[in-house]
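These notes concern the structure reproduced below.
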Amino acid sequence: MPRPYVLLSAAVSLDGCLDTPPGRPRLLLSNEEDFDRVDSVRASCDAVLLGAGTLRADDPRVRVASAARRAARVEAGLPPHPVKATVTRSGDLDPRGRFWHHGGAKVVYAVGRAARERAAAALGDLATVHQVAEEDVWPQVLGHLHGLGVRRLMVEGGGSTHTQLLRQGLADELQLVIAPVVVGRPDAPRMFGAGDYPGGPEHRLALVGTRRIGDVTLLRYATHRRPGTGARATAADAAWLGEACALAAQCPPSTTAFSVGAVVVAADGRELARGHSREGGDARVHAEQAALAKVRGNPGLAGATVYSSLEPCGARASHPHPCAELIAGAGIRRVVTAWREPDTFVPGANGTERLRARGITVVEAPEFAEAGRAPNAHLSPGK
Ligand SMILES: NC(=O)c1ccc[n+]([C@@H]2O[C@H](COP(=O)([O-])OP(=O)(O)OC[C@H]3O[C@@H](n4cnc5c(N)ncnc54)[C@H](OP(=O)(O)O)[C@@H]3O)[C@@H](O)[C@H]2O)c1
Ligand SMILES: [Zn+2]
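Quick note on numbering: the sequence shown equals residues 6 to 388 in our numbering.
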């Protein structure tokens, strides 16, 4: 059954807790800058899911707070907010909760008939309540979300939900923020509870990024490889491509050129360089060019992959060598991209074909097309 790309997101204390125990004074784990990052991740997803326990404990709003991000989604033809989903077996959902009165369309996955009836009676037309069977709850939930058009799902907890998705091999990426506090209580909720997790070296998570955000650290991990290798995007690819798409937000604004992010990653998963369009204020600089310029001659380039939020250009007016040629010239054999260049500036630029003609594997990950397109929505590219 097809399912969305699943990204687990949480902030934890140094001792792995999601929160203080029930009834104890709350601790702030994250910070303002990280709340804004979470907002941008939400804006890049088609749906956000939280367990019913978190709705009861935190009464969260769950919405895209930034007006600019909502506007960018609308310009890209998306609803301003992602779909919001929850899962419950008890059906105990409070219609006064803020979750029901903010953000996008709400879907409740109720396990069993009693839960469905209770939730539907409580919520009325605040949400669509969908009944799922007792066995294999998560595959049903993810399959249904996929049927709604959800290709990228952000899961914002709590611990019970994260634990099940990781244990069942249904998570593709983890975005974990480590807060500089210790909760120190054995009864505090934890990100991952006790139980059997997929073991063995092939299930060791791949660290695909670390970033300091004020006083917290963001760790990004990719989980298992998705079935099929070769010209298919792996979970690690998805995490890096997500990073490249996020980088595009750093481009100086332009009405005459695309905003693109690119990351060069060595065969062993280490980042070699990153770049974005117009880096350093030069209006002619492309993202791939900026990144490659930082690692010229690096022996790791031969096995490296270039991740770019837009296909590398195959023709350009601003430089004698299009990025497809720069990539081939650097000895790179694999490129992963989010969307194809529309004919807005250079008709028939066709970098993908040019790369393939040089024997380079190009993996296109259409699930990132919206993320790659979003910073360029004002250029009204056709497709
Ligand atoms: N630090 C962070 O980033 C962060 C993020 C989120 C949450 N939290 C914290 O996490 C704590 C809540 O954790 P939690 O483990 O209770 O939360 P949870 O995963 O949000 O909710 C658990 C509830 O979800 C429903 N559920 C989960 N799996 C289900 C399944 N397979 N079938 C049917 N229903 C299912 C059940 O709801 P019913 O009980 O209704 O049946 C279950 O009790 C809170 O303290 C919150 O503050 C922290
Ligand atoms: Zn280029």
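The beta carbon of each residue, even a glycine, is placed where N, CA and C say it ideally should be.
Since the model is a prediction, treat every value here as computed from it, not as a measurement.
Suppose contacts are defined by Cβ-Cβ distances below 9 Å. Is residue i in contact with residue j by that definition?
i: Gln-136; j: Arg-123; result: no
i: Ala-138; j: Val-112; result: no
i: Pro-325; j: Cys-318; result: no
i: Pro-85; j: Arg-75; result: yes
i: Ala-389; j: Leu-306; result: It is not possible to answer for residue 389, since the shown part of the chain is limited to 6 through 388.
i: Ser-323; j: Ala-278; result: no
i: Ala-292; j: Ala-77; result: no
i: Gly-356; j: Cys-250; result: no
i: Arg-157; j: Cys-256; result: no
i: Ala-298; j: Gly-280; result: yes
i: Ala-16; j: Ser-35; result: yes
i: Val-186; j: Ser-18; result: yes
i: Leu-179; j: Leu-171; result: yes
i: Asp-242; j: Val-368; result: yes
i: Thr-228; j: Ala-211; result: yes
i: Leu-147; j: Arg-8; result: yes
i: Leu-246; j: Thr-93; result: no
i: Pro-87; j: Met-159; result: yes
i: Glu-38; j: Gly-219; result: yes
i: Pro-26; j: Arg-190; result: yes
i: Trp-105; j: Leu-128; result: yes
i: Val-116; j: Val-79; result: no
i: Gly-204; j: Thr-168; result: no
i: Met-196; j: Gly-162; result: yes
Exposed or buried, residue i, counting other C-beta atoms within 10 Å across all chains shown (16 or more means buried)?
i: Leu-360; result: buried
i: Pro-232; result: Residue confidence for Pro-232 is low, a pLDDT of 38 falling below 50, so the modelled location carries little weight and cannot support an answer.
i: Arg-275; result: exposed
i: Thr-166; result: buried
i: Thr-215; result: exposed
i: Ala-57; result: buried
i: Gly-109; result: buried
i: Tyr-10; result: buried
i: Tyr-202; result: exposed
i: Leu-33; result: exposed
i: Glu-284; result: buried
i: Leu-421; result: Given that the chain is displayed from residue 6 to residue 388, the structure contains no residue 421 and the question cannot be resolved.
i: Arg-101; result: exposed
i: Met-6; result: exposed
i: Arg-389; result: The structure shown does not extend to residue 389, since the chain spans only 6 to 388, so no value can be given for it.
i: Phe-40; result: exposed
i: Arg-118; result: exposed
i: Val-134; result: buried
i: Lys-388; result: Only weak support is given to the placement of Lys-388: the predicted model assigns it a pLDDT of 39, under 50, and the value that follows is read from those uncertain coordinates. By the neighbour-count rule (16 or more Cβ atoms within 10 Å), Lys-388 is not buried but exposed.
i: Pro-194; result: buried
i: Asp-20; result: exposed
i: Ala-370; result: buried
i: Pro-380; result: buried
i: Glu-140; result: exposed
i: Thr-260; result: exposed
i: Arg-31; result: exposed
i: Phe-373; result: buried
i: Ala-184; result: buried
i: Ala-295; result: buried
i: Thr-234; result: The predicted position of Thr-234 is uncertain, since its pLDDT is 34 and thus under 50; no value can be drawn from it.
i: Ala-272; result: exposed
If residue i and residue j are in contact, beta carbons under 8 Å, what's the gap, nearest whole angstrom?
i: Val-290; j: Ser-313; result: About 14 Å; that fails the 8 Å criterion.
i: Leu-23; j: Gly-164; result: 5 Å
i: Arg-363; j: Ala-333; result: 4 Å
i: Val-389; j: Glu-248; result: This structure gives no information on residue 389, because the portion of the chain shown stretches from 6 to 388.
i: Thr-366; j: Arg-338; result: 6 Å
i: Asp-177; j: Ala-238; result: At roughly 10 Å, the Cβ-Cβ gap does not stay under 8 Å, so Asp-177 and Ala-238 are not in contact.
i: Leu-98; j: Leu-60; result: 7 Å
i: Ala-412; j: Val-155; result: The structure shown does not extend to residue 412, since the chain spans only 6 to 388, so no value can be given for it.
i: His-375; j: Ala-81; result: Here the sequence assigns Glu to residue 375, which means His is not the residue at that position. 6 Å between Cβ atoms; contact.
i: Val-46; j: His-107; result: Val-46 to His-107, Cβ: 17 Å. No contact.
Would the C-beta of residue i count as close to ligand 4, meaning under 8 Å from any of its heavy atoms?
i: Arg-225; result: Of the ligands one can find in the structure shown, namely ligand 1 and ligand 2, none is ligand 4.
Exercise. Under a criterion of Cβ closer than 6 Å to any non-hydrogen atom of ligand 1, which residues qualify, in chain order?
Worked result: Ala-15, Ala-16, Leu-23, Asp-24, Leu-34, Leu-55, Gly-56, Ala-57, Gly-58, Thr-59, Ala-62, Asp-63, Val-92, Thr-93, Arg-94, Ser-95, Asp-97, Val-116, Val-142, Glu-161, Gly-162, Gly-163, Gly-164, Ser-165, Thr-166, Gln-169 and Pro-194
For this session: Go through the residues and name those whose CB comes closer than 7 Å to any heavy atom of ligand 2, in chain order.
Result: His-291, Glu-293, Gln-294, Pro-317, Cys-318, Arg-321, Pro-327 and Cys-328
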